[in-house]
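Notes follow once the structure below has been shown.
Chains as they are written, first to last, in the numbering used here: chain A, 97 to 176; chain B, 877 to 1110; chain C, 65 to 553; chain D, 34 to 551.
Pasting the structure below:
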């Protein structure tokens, strides 16, 4: 069990760093729900189903939708 | 170059301070410092009648915070609602195959049921007003995504959503004021003599289910407003 | 004490009802709803202020120390007094002045007021953060109300900076909860006595940093003039009068109650605060002189005045706290008057640059006189209210050994005169240009003159507000008393 | 018991009422006379106490010196208000009332707080008088306001130091913070080096404003100096230097009002020397000189005002109108001239004699003689242009009756004091035990006058010449320029880029953390 937690934590860190340091915003946007999903698993492991549920619905679902929409609206200034 | 180094230095030193802080906290000997959470865990079910302790904290012990958070959401919805451009058009101009349309059509009742369940059983099982509200908000969001924003707003006009949101917020406050009517403090539940019922039943825990419903309504409508506002463009 | 909770509920309810009335009744219900609730609110405020001494505790949901508590003491009474003085005038003024997004403006204003009232009343650390978010988010929205490019830009800067501040406040709050296991300020304060010095000082730095961004001490001030510039001017009255002040309030509350005066002394925060204040107002005065836009000028002046307040509050003596708190009240009144006058000029002939104000002194004799009174008061010349509070601050600083600070305040007074006089002289310069203008009605003039007359009244009879303010230091300098009342309730 | 200044302040409030023109005049005369009567019947030793903040204030405290000052202030107020109420607007009259009222309150204040408050109120009201007067005076008003407030703040800092050192706000000889009080008083007195505002303000402001200002501004400085800083030796020499500087600068002026304002600097020199002696006789002499100086300098300003009013300008050439067309003004001017020259049986003689008696240092005595001589010489130039030189200036309009009444009032008072100087002593119970008209005093009084006539005849063409006015080097403007430049550079850093601001913010956090931890 500890093994899984450690592994998930490492994944969490990797995703977080990827989100921050990736050059393209689209990658960060897509990495965001991954980050959220890992968190959901972690919350479930830590016996916090309520929080896990909120995390799943809000971060992985709704917030990603918001990000995608906002990302679609903003134009890449380097291309113009 | 100097500027870059300077920025790097700032980040490194901030990290250093944070590291010092966290390692200090980690090394700190902490015993008997969490009587509050102990109390919530051991007495929460009896005092509030809600099996889901998160809900008992959110809607009873610290229901006042929830009111504030709901207001924050309402404010955000208001901001986005008035910042949207006046002219509106579909942002995602793609048309989908019939599969998507039909799937959406049949998905909506299930989502609705799930949402209602999460809201209504908030005090018994994981979930609650916030999460259930988000699930409910998915219905108009799905409509906007597949059938287009015009259809979605034809079914549920922005004004309706706004009114529903306000009714949710007002309802929350009015439920809190019920306790004031009986001569107790604002947002009192068990203390004000509302029947807590048997823990585990649907109608139990006094006001908590109703507060859940109000928050659910409010969050669902608020998020739907926010999403539609974000989608619109000139 | 039931009235205290109504101070938070009533504006919220009003805001939500405005939202509903917008859909069904359009403009018909707006006026009675807004004014009626503002008047009721005033009555509630006065009754709560009246009972602010000795302090009283109200626990929401009857949970006692398990839940959230609300506490009214003289310090919060002062902030409530400011709301009482500013809120109704602003509402009356806005009903005539705001012609765009009227409903949204009032909804957000009421929510903002509820947030400020919540910040002022609460005795719970996380609740404080929640209401801080309510007030700062709604004030961000108000900045963007005009939807011009400049307004959006200002809002963006405000939002980013304010979120940064909120983030550090939240971080510190969470860590505090983690360390002490409670969120009640009194219990935290008791528990904090066992926490090592290092952790406490880092936490304190986070709190100070977060709130200082919202207060706008230099160099954290840069968002402030940008966000003031294009926002609706009646909002600026509330912003400089209440939003900034509530951040000051929260900072002082956290520092003096949570950490305690002894800890502040030990870490040297008092010295840092005073030096920070001195630097801030000297630079802010120099910058204010460079502005050609009156609103930006007033914004920089706000920064400088907040710095005076900071000095007063960080001097760490009883007199200093009295002076600082009196200046909080006075600055709200004086800046409110100045913004009102500028708002009327803007309403009548869309003038916001100094050069546009030429000759208005002869067009609006009474309003210009009010402007002159308020600006002399803010400079700190007798016999207006700003002088009394500055006198108290300087005396306290001198008493406590901060001689450089006391002297710099006088230098700052001189510097502030240079730019206010610039505006005044322009007001009274004749011009050949024919000025086209809308006549401001009584609804715009009355609030302005009311606040302007307060500048004189509080200058000649400072004992009126000081009778309330004199009781503040008891509960701040020695937090034991506050703690025992809060725990006992 | 109330301070007489309150009459003026109430008068200013009453002027807010929408009353008719005639009522204004009646009100003005009523209030000023009431203040004069009130002052006359004040009894030395009276005091009023008041609790304010944590202090016990003494807003009114009467003793002989303040009664004397109050008397001349109210009398001058009566004269000047009558002089100017026909020609100035209601708003300006209100400001004049506030100004005079606060000056009077300063004269009767018994503690430093009241003194400071009304000192600043004087500054505010007089600055707005200058600013509101006309479009040409905006910059002057700005400069005047700033420099006066600088003086006021210096006084305030002195008050704080004094309070911190003694724990007492009572009005007495200062123990701590003397330099700051010196700066404050020096600015009010237009001491050399701090004098830049005086010729500027008096030369540019409308003539009635100059009349009112000339009565109170510098004189309040003298009064306060006599209260707070008596008996500082070094100031006597400084006063002498200031006066000599004034003589030099006055000679170079082409504009009569600037000339008169430099002459104020000379006359104030007498008072500084008298006060700096620190003896009772010296201070009394200075106060008597203050009385006399107010009388003749006001009359001279009023006379020049009449000239400005009737001809439109105040060049020396325009003075020529006096000798022929303006009889009342001419008589008043002559009396004032003889007074300022210290000729026996005119009022200036009396106080100059007392001061000369009080001074026992040879250098200062010689200095006083030189000053008297210089003053006479300067004013001979004035007289020459007014009565002797042929002039072709024509009269635009007749002076108003009220102007002449106001001027006449003061002239009569001058004659009374000149002929019967003991009367002034008896009114205020200040006996200096001098036989004014014995041989020694008469000789020493008349000498400088006679010498100056002789010298004037000898070097007339150098004295009456119209010099190019020298461009004044103003240190304060240079400093201000530096400050503004600094501000400009600072504002350039605010380029509106969010990343830069975030960088500042983060640096602040790090600095804060470092400061708090270590």
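Glycine is no exception: its CB is placed at the ideal position from the N, C-alpha and C atoms.
- Distances from the alpha-carbon of residue 358 of chain C to those of C/89, C/422, C/316, C/236 put C/422 closest.
- Residue 377 of chain C and residue 279 of chain C have their C-alpha atoms roughly 14 angstroms apart.
- Here residue 119 of chain D carries a coil assignment [DSSP, helix/strand/coil].
- In terms of CA proximity to residue 199 of chain C, B/945 leads the group B/923, B/1062, B/1029, B/945.
- Boundaries of the beta strand (DSSP E) harbouring residue 85 of chain D: 80 to 85, taken from the DSSP string.
- Distance between residue 132 of chain D and residue 49 of chain D, taken at the CA atoms: about 16 angstroms.
- Annotated three-state conformation of residue 168 of chain D is helix, per DSSP.
- Just so you know, the alpha carbons of residue 1006 of chain B and residue 947 of chain B end up roughly 13 angstroms apart.
- Comparing alpha carbon positions, the residue from B/877, B/996, B/897 closest to residue 1084 of chain B is B/996.
- Taking a beta-carbon distance threshold of 8 angstroms, residue 345 of chain C does not count as an interface residue toward chain B.
- Residue 223 of chain D sits in coil when the DSSP states are folded into three classes, being neither helix nor strand.
- The count of Cβ pairs closer than 8 angstroms, one atom from the segment 221 to 228 of chain C and one from the segment 266 to 279 of chain C, reaches three, so the stretches are in contact.
- When DSSP reads this structure, residue 372 of chain C sits in no beta bridge, so it has no partner.
- Between the segment 335 to 349 of chain C and the segment 300 to 313 of chain C there are fewer than three C-beta pairs closer than 8 angstroms, too few to call the two in contact.
- Partner residues in the beta bridge of residue 123 of chain C, as assigned by DSSP, are C/133.
- According to DSSP, residue pairing for residue 88 of chain D in a beta bridge involves D/85.
- Among the bridge pairs identified by DSSP, residue 93 of chain D is matched with D/81.
- Annotation for residue 483 of chain C: the continuous alpha helix (DSSP H) segment containing it runs 467 to 491.
- Closer than 8 angstroms to the CB of residue 38 of chain D there is not a single CB belonging to chain C.
- Residues 370 of the same chain have their beta carbon placed closer than 7 angstroms to that of residue 416 of chain D, with the five preceding and five following residues left out of the count.
- A contact is defined here as three or more CB-CB pairs under 8 angstroms, and the segment 1064 to 1073 of chain B meets this definition with respect to the segment 1081 to 1098 of chain B.
- Interface residue (Cβ-Cβ distance to chain B less than 8 angstroms): residue 545 of chain D is not classified as such.
- Taking 8 angstroms as the cut-off, the Cβ atoms of residue 280 of chain D and residue 397 of chain D do not count as close.
- At least one CB atom of chain B sits nearer than 8 angstroms to the CB of residue 539 of chain D.
- In terms of beta-carbon proximity, residue 893 of chain B lines the interface with chain D, with at least one pair separated by less than 8 angstroms.
- Considering only beta carbons, the part of the segment 945 to 960 of chain B lying closer than 9 angstroms to chain C consists of 945, 947, 948, 950, 951, 952, 954, 955, 957, 958, 959, in chain order.
- In this structure, B/1010 is the residue among B/960, B/988, B/1010, B/958 with its C-alpha nearest to the C-alpha of residue 155 of chain A.
- For the pair residue 438 of chain D and residue 111 of chain D, the Cα-to-Cα distance works out to about 11 angstroms.
- The beta-carbon of residue 1057 of chain B is placed no less than 8 angstroms from the nearest beta-carbon of chain C.
- By the rule that beta-carbons nearer than 8 angstroms mark a contact, residue 107 of chain A does not touch chain B.
- At a cut-off of 8 angstroms between beta carbons, residue 149 of chain A contacts chain B.
- Just so you know, the alpha carbons of residue 100 of chain A and residue 142 of chain A end up roughly 12 angstroms apart.
- Residue 186 of chain C has C/134 as its beta-bridge partners, per DSSP.
- Contact annotation: the segment 423 to 436 of chain C does not touch the segment 520 to 534 of chain C, with fewer than three C-beta pairs closer than 8 angstroms.
- Within the DSSP bridge table, the entry for residue 203 of chain D names D/144 as partners.
- At least one CB atom of chain A sits nearer than 8 angstroms to the CB of residue 1002 of chain B.
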